[in-house]
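Contents: one structure, followed by commentary.
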Amino acid sequence: MARLRLEKDGEIIAESSGELQFTETGLSGPAAFDISRAAAQTGKGKVHIDLSGNEDIEAKLRARIKANPSLCADDALTGVLHNRLGRMVVKYAGVPGQTPLERLEQPQIAAIAAACRDFCIELRGVEDFDHAQVTAGGIKTTGVNPKTLESWFVPHLFITGELLDVDADCGGYNLQWAWASGVTAGRLGK
527 MARLRLEKDG EIIAESSGEL QFTETGLSGP AAFDISRAAA QTGKGKVHID
577 LSGNEDIEAK LRARIKANPS LCADDALTGV LHNRLGRMVV KYAGVPGQTP
627 LERLEQPQIA AIAAACRDFC IELRGVEDFD HAQVTAGGIK TTGVNPKTLE
677 SWFVPHLFIT GELLDVDADC GGYNLQWAWA SGVTAGRLGK
């Protein structure tokens with residue numbers, strides 16, 4: 527579980543938590559999807575990622591050093607984070623990956639723990655419409671009868687799902703809206 531915080535010019539724009547995936551093109555998964563609308567509107571900024579899961583990473587590192595002093599720093603976070611992500615965090619912290627754990631000094635241990643709590647990446651944009659999980663926009667909800675979803679402007683035209691400007695966070699809400707609005711329009715539009 528990761529916590530994300532989108533900032534622009536020092537101001538918090540959006541926050542989310544949940545599953546996170548690092549892909550070839552950037553971030554994905556529910557936590558990323560939940561801040562994507564704000565990211566699209568912001569365009570540029572920084573995404574701060576807390577990978578610690580509320581764990582005391584520094585204590586875990588000290589236990590790892592004690593148990594496996596000859597282990598390389600690259601493997602310091604094995605079991606805490608995915609191996610490749612752990613190596614990336616160690617590199618981000620500025621610690622040479624081949625350094626044996628027993629040679630890590632307190633500032634390096636603190637830097638690795640800090641990198642787990644605040645792994646910061648630059649927001650360069652979002653994927654295009656073809657790669658969207660959910661889309662924002664559409665016909666304004668004020669353009670339909672809220673009880674039947676019939677258009678106020680075109681009689682017998684019922685508008686449902688993402689055709690309306692309705693979207694929500696991850697968790698099945700968008701699918702539920704698509705189904706419920708379809709059933710509503712289908713039953714009441716006869």
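Under my numbering, think of the first position of the sequence shown as 527, with each following residue one higher.
Every residue, glycine too, gets a C-beta built ideally from N, C-alpha and C.
Nearest candidate by alpha-carbon position, reference S542, set G708, W703, A694 and L714: The residue you call residue 542 lines up with position 16 of the sequence shown. Residue A694 is the option with its Cα nearest to S542.
Beta-carbon proximity list for S596, same chain, < 6 Å, skipping 5 on both sides: Counting from 1 along the sequence shown, the entry for residue 596 is found at position 70. P626.
Going by DSSP in three states, G712 sits in which element: helix, strand or coil? The residue you call residue 712 lines up with position 186 of the sequence shown. The answer is helix: DSSP assigns G712 an H, G or I state.
DSSP three-state label for L587, please. The residue you call residue 587 lines up with position 61 of the sequence shown. If DSSP states are grouped into helix, strand and coil, L587 belongs with the helices.
Buried or exposed, going by whether 16 or more other CB atoms sit within 10 Å of the CB of L630? If you number the sequence shown from 1, residue 630 lands on position 104. L630 should be labelled buried.
Roughly how many whole angstroms lie between the Cα atoms of V692 and L607? Start at 1 with the first residue of the sequence shown, and residue 692 comes out as number 166. Start at 1 with the first residue of the sequence shown, and residue 607 comes out as number 81. When rounded, the distance between both Cα atoms is 35 Å.
Residues near A662 by beta carbon distance below 6 Å, same chain, minus five either side: As a working mapping, residue 662 is identified with position 136 in the sequence shown. If we look at A662 and ignore the five residues flanking it on each side, its Cβ neighbours are R563 and D693.
Quick check on this structure: which residue in E653, G698, A711 and S677 has the alpha carbon closest to the alpha carbon of T551? In the sequence shown, residue 551 corresponds to position 25, counting from 1. Nearest C-alpha to T551: E653.
Can you list the alpha helix (DSSP H) stretches of 4 or more residues lying completely in the region 557-620, in chain order? Within the region 557-620, complete alpha helix (DSSP H) segments of at least 4 residues are found at 583-593 and 609-618, given in chain order.
Using a Cβ-Cβ cut-off of 8 Å (strictly less than) and excluding sequence neighbours within five positions of F679, which residues of its own chain qualify? Numbered from its first residue, the sequence shown carries residue 679 at position 153. Here the set comprises G669.
What would DSSP say about P672, mapped onto helix, strand or coil? To locate residue 672, count along the sequence shown from 1; it is residue 146. In this structure, P672 counts as coil in the three-state DSSP scheme.
Might you give, ordered along the chain, the residues of its own chain that have their beta carbon closer than 8 Å to the beta carbon of G544, omitting 5 neighbours on each side? Taking the sequence shown and counting its residues from 1, the one referred to as residue 544 is at position 18. The answer, listed in chain order, is M527, A528, G555, P556, A557, D560 and C696.
For S768, which residues from the same chain have a beta carbon less than 7 Å from its beta carbon, with the 5 sequence-adjacent residues on both sides left out? The shown model of the chain, from 527 to 716, leaves out residue 768, and the question about it has no answer.
Could you say if the region 576-587 and the region 637-649 meet the contact criterion of at least three C-beta pairs nearer than 8 Å? yes
Whole-angstrom distance between V621 and R610, CA atom to CA atom: Numbered from its first residue, the sequence shown carries residue 610 at position 84. Numbered from its first residue, the sequence shown carries residue 621 at position 95. Their backbone Cα atoms lie some 15 Å apart in a straight line.
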